[in-house]
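For reference, the structure is listed below as structure tokens.
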Amino acid sequence: MTKFLTRLPLAAMIAAGFAVPASAAQLEIKVENLTQGVYFTPLIIAAHPGDVYMYETGMAASAALQAIAEGGDISAMATALDGMPVVSNPAGGLLAPGASIEGVMLDSGDMAYLSLTAMLLPTNDGFVGLDRWMIPSEAGTYTVYLKGYDAGTEANDELVVDGSDMPGVPGIPAAPGGDAGMNGSGVTATQPNSTVHIHPGVLGDTDAEGGVSDLDSRVHRWLNPVAKLTVTVQ
63 MTKFLTRLPL
73 AAMIAAGFAV
83 PASAAQLEIK
93 VENLTQGVYF
103 TPLIIAAHPG
113 DVYMYETGMA
123 ASAALQAIAE
133 GGDISAMATA
143 LDGMPVVSNP
153 AGGLLAPGAS
163 IEGVMLDSGD
173 MAYLSLTAML
183 LPTNDGFVGL
193 DRWMIPSEAG
203 TYTVYLKGYD
213 AGTEANDELV
223 VDGSDMPGVP
233 GIPAAPGGDA
243 GMNGSGVTAT
253 QPNSTVHIHP
263 GVLGDTDAEG
273 GVSDLDSRVH
283 RWLNPVAKLT
293 VTVQ
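Residue numbers (the numbering used here): 63 to 296.
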């Protein structure tokens, strides 16, 4: 099971004067893919206490996060979140560019925070993420724009390689739009930042038969934010 780093416990947060929700909430969730040519692999959304997180910027990725960021596999993360309110794969597969999934219901129980993640495809180890968003105590509709992050576990070579969905195997597992090139030489062979950080985006090129990248800069390039999250607290 993936071990999560511990932050300040919920009781300590209360004692320190931090605001926390007073009661459980029923959440209705909508996730919209804002990109032009990037797909989200199966999403995992969870409500959890303050000492649990799916990822943390500036820290090394857990094995569960690496499995998501490099191959879209949410199973280890779901196991690590066992016993917490979790919604796995609400879109029933990939969430295409411009598409949205809505009406996702999650009973947060006594959990104070909401997190979300899914792989950005095609990337080497990019993912869309929401980290420890405090669930509001007041009923209403709330909007959060989500960034794309780099797990820091693989060099962004931008090469599409069959079988590279396994953690530790270099390459992008697929380009779901069918618009990737081939025979790229590779953008880079190194990962300069081995912790979770804001994704620099993809370079791409316009050479479908070669060049440095297998990604098309006219299709796959993106800027943050990559997703719009709407949460209705009931």
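Glycine included, every Cβ here is placed at the ideal spot set by N, Cα and C.
Measuring alpha carbon to alpha carbon, tell me which residue in the options is nearest residue i.
i	options	result
Gln-98	Gly-112, His-259, Gln-253 and Leu-157	Leu-157
Thr-205	Met-116, Thr-292, Ala-109 and Val-93	Thr-292
Gln-144	Ile-107, Val-264, Glu-94 and Val-166	Just to set this straight, residue 144 is Asp in the shown sequence, not Gln. For Asp-144, the nearest C-alpha among the options comes from Ile-107.
Gly-154	Asp-172, Ala-142, Met-139 and Gly-134	Gly-134
Val-223	Pro-254, Gly-191, Gly-210 and Leu-183	Leu-183
Ala-140	Asn-95, Pro-104 and Met-167	Pro-104
Gly-210	Asn-95, Leu-89, Ser-247 and Pro-229	Asn-95
Gly-248	Val-264, Asp-241 and Val-190	Val-264
Asp-113	Met-181, Lys-290, Tyr-101 and Tyr-175	Tyr-175
Leu-21	Thr-179, Ala-180, Met-181 and Pro-152	Given that the chain is displayed from residue 63 to residue 296, the structure contains no residue 21 and the question cannot be resolved.
Asp-241	Glu-271, Ala-251, Thr-252 and Gly-225	Glu-271
Ala-201	Lys-92, Met-244, Val-100 and Gln-296	Gln-296
Val-100	Lys-290, Trp-284 and Asp-172	Trp-284
Asn-298	Leu-221, Arg-194, Thr-252 and His-261	Past the boundaries of the shown model lies residue 298; the chain is included only from 63 to 296, so the question cannot be answered.
Met-228	Asp-269, Ala-131 and Pro-147	Ala-131
Asp-219	Thr-203, Asn-186, Val-149 and Gly-239	Asn-186
In the DSSP output, which residue or residues are listed as bridge partners for residue i?
i	result
Ser-162	Glu-94
Leu-168	Leu-89
Ala-289	Asn-95 and Leu-208
Thr-303	As shown, the chain starts at 63 and ends at 296. That puts residue 303 outside it, with no answer to give.
Leu-157	Phe-102
Ser-150	Ile-106
Asp-267	Asp-278
Thr-294	Glu-90 and Thr-203
His-261	Answer by DSSP bridge pairing: none, since His-261 is not bridged.
In three-state DSSP terms, what is residue i?
i	result
Leu-221	coil
Asp-278	strand
Val-249	coil
Asp-34	This structure cannot settle anything about residue 34, because the visible part of the chain is limited to 63 through 296.
Pro-83	Here Pro-83 scores only 44 on pLDDT, less than 50, and its place in the model should not be relied on; the value that follows carries that caveat. In the structure shown, Pro-83 sits in coil (DSSP, three-state: anything other than H, G, I, E or B).
Margin query: When you compare the stretch 209-220 with the stretch 159-169, are there three or more beta-carbon pairs, one atom per stretch, that lie closer than 8 Å?
Written below: no
Notebook entry, point to check: What beta strand (DSSP E) runs, 3 residues minimum, are completely inside the stretch 182-220?
Noted result: 188-196 and 202-212
Item checked: Segments assigned beta strand (DSSP E), at least 3 residues, entirely inside the stretch 96-143 -> 106-110
Check: Taking three-plus beta-carbon pairs below 8 Å as touching, is the stretch 233-251 in contact with the stretch 273-286?
Finding: yes
Item checked: Touching by the beta-carbon criterion (3+ pairs, under 8 Å), the stretch 119-132 and the stretch 242-257 -> yes
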